[in-house]
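Peer 1: In terms of the working numbering, the sequence shown opens at residue 1 and continues consecutively.
Just so you know, even glycine gets a beta-carbon here, dropped at the ideal spot from N, CA and C.
Remember, predicted model here, so these are calculated numbers, not experimental data.
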Amino acid sequence: MHRLMFFILLIPILLSSCKQEVDYEVTDPLYKSEKGILQKERIKYANNSFRAEMNVKLLKRYTTEAMGIQVNAFGAFNVYWDGVLLGSNGQQAQTGKAEIPGTETTYYAIPEQLAGLGDHVILLVGTQAFFPGVQRGIDVKPEGYQRLLRVPLIIMSFMNLMAGAFLIAAIYYFLLYWNSRSRALPVLLFGGICLLFFSLLIVEYLKFYTTIPYTWFYFRLEVIGWLTFTIALLVPWYFMLQFQMNKKVAWLLLLLATLTAVYIVNYRHYDITAIRLSHAMWAASMLITAVSVFRKMPGAVIVLAGLLLSAVVNYFLVYDFGLFIAFTIIVLCMLYLHTIRSKQIEDAHHAALLRSSRLQLELVKKNIQPHFLRNTLTSLIDWVEEDPQQGVIFIRSLADEFDILNAISEVKLIPIRQEIDLCRKHLEVMSFRKEICYTWEEHGVDENDLIPPATLHTLIENGITHSLPPEHGCITFRLSVLRKEDHKEFQLLTIAKNREPGQTRGGGTGFQYIRARLSESYGENWLFDSHAVEDGWLSSIKITQQT
1 MHRLMFFILL IPILLSSCKQ EVDYEVTDPL YKSEKGILQK ERIKYANNSF RAEMNVKLLK
61 RYTTEAMGIQ VNAFGAFNVY WDGVLLGSNG QQAQTGKAEI PGTETTYYAI PEQLAGLGDH
121 VILLVGTQAF FPGVQRGIDV KPEGYQRLLR VPLIIMSFMN LMAGAFLIAA IYYFLLYWNS
181 RSRALPVLLF GGICLLFFSL LIVEYLKFYT TIPYTWFYFR LEVIGWLTFT IALLVPWYFM
241 LQFQMNKKVA WLLLLLATLT AVYIVNYRHY DITAIRLSHA MWAASMLITA VSVFRKMPGA
301 VIVLAGLLLS AVVNYFLVYD FGLFIAFTII VLCMLYLHTI RSKQIEDAHH AALLRSSRLQ
361 LELVKKNIQP HFLRNTLTSL IDWVEEDPQQ GVIFIRSLAD EFDILNAISE VKLIPIRQEI
421 DLCRKHLEVM SFRKEICYTW EEHGVDENDL IPPATLHTLI ENGITHSLPP EHGCITFRLS
481 VLRKEDHKEF QLLTIAKNRE PGQTRGGGTG FQYIRARLSE SYGENWLFDS HAVEDGWLSS
541 IKITQQT
């Protein structure tokens, strides 16, 4: 925010640099024929040469610095001021010698003795061997020579500041996306928009960094157009995702069709195309944000205010400055939305941790609650009196179960073998308490697998509670681990007769605990299901592999 304020405070300085140091009048270029007749239409000589003449009247000078002139034209040419050669741009085509194209914009110093107030004549003599059919106009601008050289440097300093900020932001959000478990699409989109905006700034002001032959002039404008087109598509898409709009595909297709129509209608009108694309982007973003304000989405009011501010800035400033400052405001609005979303994710994560801790305590309390201890101790007394040797085994199994529970209570993930040991100990304890035979089977278990603590243990308790004891035989718990390229699945089958429906097996504290633990460890990359099957009850935990 401090950097934004610093940039806003510097805008008046940038705008003050646009004040002219010379008042002048200049006529449209006239082209000389072989007979010396001046006319408005360009006349083609051999080698596509031309001679263009303009009359300039210097009205007033506000500086004592040396005068200069800026020339915008296609071709390779010499520039004359009152018949005196000021300089050359490229190398003209000659017999047996190809043209070396000049750049579209050049600057020349004017000798002080020729820079007095009054009428002057500018003459361009050159060739346009490339794009001979393109009748691009010629524009001249008298100005202080130092100012002609200084203004591009001032502009570049501000644009470099903006470009650097967006490049760093792009790199940061790409790394954030790459190293994130969730791989959220808005993060990737924001990084891509920042990179595109950086590229747009570089391509737009590349003419100040290097000499670009006029043969590449339109290609650069095409690149600017396509970058603007892509940004105009991605920015509203980002707002759709952050504001959770419905029917995103339909809206995107409508926006894509609109942008394509704008591009086709304004084809080869490069500045107009960029302006129209930017307007379409702004209108789509405004529509999405206005709907989001009506839906009372977080951050929508701030974004709406930012979009309105960008429109005001773009209205009062010249296109080159207004467009990029407006784009910057929009990107800052996007960044604000991203911070809100990040805070929501962080709050959800903390809530999941608190919920997991609370359910963990509830689970431990359930194992040491008076009812459980009383029934267990009562059974223990009976076993010690009737069969002391088995009573000792009962005591050891109970102690081992509590030891394991105590060891895993603060751990996020534990080895699958430790979880299985906990399940076995619990089955031993419950077989003494209920005097029912419980058996354990396992298939496909990899000792390197990890699982949230007490998840299978909770499913075992659920199976014991909701399964009828058999008249003959044992209740069997069968654990199977299935593996695919993109996921692995833990299946626990309770082979027994289920109790009559009346007690739900889907919404108790145990299942809440399992879901909380899975969210804590795997985010959204899991599925949990528990339902009746022909053999009894099947519970499955599917973990999606994270790339």
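1) Taking its Cβ as the centre, do 16 or more other Cβ atoms sit within 10 Å of Tyr-62, making it buried, or is it exposed?
2) Kindly indicate which residue of Leu-234, Ile-329, Glu-143 has the alpha-carbon position closest to the one of Lys-60.
3) Name the two residues that bound the continuous beta strand (DSSP E) containing Ala-109.
4) With distance defined between alpha-carbon atoms, name the residue in Lys-248, Leu-185, Ala-73 nearest to Pro-213.
5) What does DSSP give as the partner residues of Gly-126 in its beta bridges?
6) Return the first residue and the last residue of the beta strand (DSSP E) that Phe-477 is part of.
7) Go through its chain and collect everything with a Cβ distance to Arg-147's Cβ below 7 Å, but skip five positions before and after it.
8) Identify the continuous alpha helix (DSSP H) that holds Asn-160 and give its terminal residues.
9) Just to confirm before moving on: does the CB-CB distance between Met-334 and Phe-239 stay below 9 Å?
10) Tell whether a beta-carbon distance below 9 Å holds between Val-429 and Glu-401.
11) Any idea what DSSP makes of Leu-527, helix, strand or coil?
12) Which stretch, first to last residue, makes up the alpha helix (DSSP H) that contains Ile-264?
13) Taking contact to mean at least 3 C-beta pairs separated by less than 8 Å, is the segment 468–475 in contact with the segment 521–531?
14) Okay, do the segment 85–94 and the segment 107–122 touch, 3+ Cβ pairs below 8 Å being the bar?
15) For Ser-180 and Asp-347, what's the separation of their Cα atoms in angstroms?
16) If I follow the unbroken alpha helix (DSSP H) through Ser-285, where does it start and stop?
17) Could you have a look at Ala-93 and say whether DSSP puts it in helix, strand or coil?
18) According to DSSP, is Thr-230 helix, strand or coil?
19) Buried or exposed, going by whether 16 or more other CB atoms sit within 10 Å of the CB of Val-331?
20) Determine the contact status of Thr-339 and Met-162, defining contact as a CB-CB distance below 9 Å.
21) With Val-26 as the anchor, note down where its alpha helix (DSSP H) starts and where it stops.
22) At the level of alpha carbons, what is the spacing between Leu-188 and Leu-456?
23) By the three-class DSSP mapping on this structure, what secondary structure does Thr-547 have?
24) Helix, strand or coil: how does DSSP classify Asp-403 here?
25) Tell me the residue span of the beta strand (DSSP E) that contains Thr-68.
26) Between the segment 512–521 and the segment 483–502, are three or more C-beta pairs nearer than 8 Å?
27) Would the beta-carbon of Lys-434 fall within 9 Å of that of Ile-464?
28) My output table needs one value for Val-235: the three-state DSSP class, helix, strand or coil.
29) Give a yes or no on whether the C-beta atoms belonging to Ala-165 and Gln-128 are separated by under 9 Å.
30) Have a look at Ala-93 and Met-245 and give me their C-alpha separation to the nearest angstrom.
31) So, is Gly-116 buried or exposed, given that buried needs 16 or more other C-beta atoms within 10 angstroms?
32) What first and last residue would you give for the beta strand (DSSP E) that runs through Tyr-438?
33) Which of helix, strand or coil does DSSP assign to Lys-60?
34) Just list the residues that DSSP pairs Gln-491 with in beta bridges.
35) Quick check on DSSP: helix, strand or coil for Tyr-214?
36) Going by C-alpha distance, which of Ala-516, Asp-23, Lys-248, Leu-201 is nearest Gly-225?
Peer 2: Taking the definition as stated:
1) Looking up residue 62 in the sequence shown gives position 62. It counts as exposed.
2) Looking up residue 60 in the sequence shown gives position 60. Ranking the options by Cα distance to Lys-60, first place goes to Glu-143.
3) Translated into positions along the sequence shown, residue 109 becomes position 109. Ala-109: member of the beta strand (DSSP E) spanning 105–110, first to last residue.
4) On the sequence shown, residue 213 is found 213 positions in, with the first residue counted as 1. Among Lys-248, Leu-185, Ala-73, the Cα nearest to that of Pro-213 belongs to Ala-73.
5) Sequence index remark: in the sequence shown, residue 126 carries index 126 (1-based). Answer is Phe-50, Phe-77.
6) Position 477 of the sequence shown, counted from the first residue, corresponds to residue 477. Where Phe-477 is concerned, the enclosing beta strand (DSSP E) stretches over 475–483.
7) Translated into the one-based positions of the sequence shown, residue 147 becomes position 147. Beyond the five residues adjoining it in sequence on each side, Arg-147 comes within less than 7 Å, by CB distance, of Glu-21 in the same chain, given in chain order.
8) For this step, residue 160 is matched to residue 160 along the sequence shown. Start and end: 145–178.
9) Translated into the one-based positions of the sequence shown, residue 334 becomes position 334. Translated into the one-based positions of the sequence shown, residue 239 becomes position 239. Result yes, Cβ atoms of Met-334 and Phe-239 sit closer than 9 Å.
10) Residue 429 sits at position 429 when you count from the first residue of the sequence shown. Residue 401 sits at position 401 when you count from the first residue of the sequence shown. Yes, they are a contact pair.
11) Reading the sequence shown from its first residue, position 527 is the one you call residue 527. In the structure shown, Leu-527 sits in a strand (DSSP, three-state: E or B).
12) Here residue 264 is taken as the residue at index 264 of the sequence shown, counted from 1. Its alpha helix (DSSP H) spans residues 248–265.
13) The segment 468–475 vs the segment 521–531: no contact.
14) yes
15) In the sequence shown, residue 180 corresponds to position 180, counting from 1. In the sequence shown, residue 347 corresponds to position 347, counting from 1. One C-alpha to the other measures close to 17 Å.
16) By one-based count along the sequence shown, residue 285 stands at place 285. Taken as a continuous stretch (DSSP letters only), the alpha helix (DSSP H) holding Ser-285 covers 270–294.
17) Locating residue 93 in the sequence shown gives position 93, where the first residue counts as 1. In the structure shown, Ala-93 sits in coil (DSSP, three-state: anything other than H, G, I, E or B).
18) Within the sequence shown, residue 230 is the residue found at index 230, counting from 1. Helix, per DSSP.
19) Locating residue 331 in the sequence shown gives position 331, counting from the first residue. Burial call: buried.
20) As a first step, residue 339 must be located in the sequence shown, where it is residue number 339. As a first step, residue 162 must be located in the sequence shown, where it is residue number 162. Going by C-beta atoms, Thr-339 is not nearer than 9 Å to Met-162.
21) Locating residue 26 in the sequence shown gives position 26, counting from the first residue. Element bounds for Val-26: not the alpha helix (DSSP H) but the beta strand (DSSP E), 22–26.
22) The residue given as residue 188 occupies position 188 in the sequence shown. The residue given as residue 456 occupies position 456 in the sequence shown. Taking the Cα positions, Leu-188 is about 37 Å away from Leu-456.
23) Translated into the one-based positions of the sequence shown, residue 547 becomes position 547. Because the pLDDT of Thr-547 is 48, which lies under 50, any placement of that residue in the model is unreliable, and the question is left without a value.
24) Along the sequence shown, one-based indexing puts residue 403 at 403. DSSP, reduced to helix, strand and coil, places Asp-403 within a helical segment of the structure shown.
25) Taking the first residue of the sequence shown as position 1, residue 68 is located at position 68. A quick correction: the sequence has Gly, not Thr, at residue 68. Per DSSP, Gly-68 belongs to the beta strand (DSSP E) from 67–72.
26) no
27) Indexing the sequence shown from 1 puts residue 434 at position 434. Indexing the sequence shown from 1 puts residue 464 at position 464. Yes, the pair counts as a contact, with Cβ atoms nearer than the cut-off.
28) Translated into the one-based positions of the sequence shown, residue 235 becomes position 235. Of the three classes helix, strand and coil, the one that applies to Val-235 here is helix, per DSSP.
29) Numbered from 1 along the sequence shown, position 165 holds the residue referred to as residue 165. Numbered from 1 along the sequence shown, position 128 holds the residue referred to as residue 128. No; because the gap between Cβ atoms is not below 9 Å, this pair is not in contact.
30) Position 93 of the sequence shown, counted from the start, is the residue given in the question as residue 93. Position 245 of the sequence shown, counted from the start, is the residue given in the question as residue 245. Cα-Cα distance, rounded: 59 Å.
31) Here the question's residue 116 lines up with position 116 in the sequence shown. A residue is called buried once 16 or more other Cβ atoms fall within 10 Å of its Cβ, and Gly-116, having fewer, is exposed.
32) Taking the sequence shown and counting its residues from 1, one reaches residue 438 at position 438. Taken as a continuous stretch (DSSP letters only), the beta strand (DSSP E) holding Tyr-438 covers 438–443.
33) In the sequence shown, counting from the first residue as 1, residue 60 sits at position 60. Three-state result, Lys-60: strand.
34) One-based indexing of the sequence shown puts residue 491 at position 491. Note: Gln-491 sits in a beta bridge opposite Ser-480, Ser-540.
35) Position 214 of the sequence shown holds residue 214. Here Tyr-214 carries a helix assignment [DSSP, helix/strand/coil].
36) Counting from 1 along the sequence shown, the entry for residue 225 is found at position 225. Checking every option, the nearest Cα to that of Gly-225 belongs to Leu-201.
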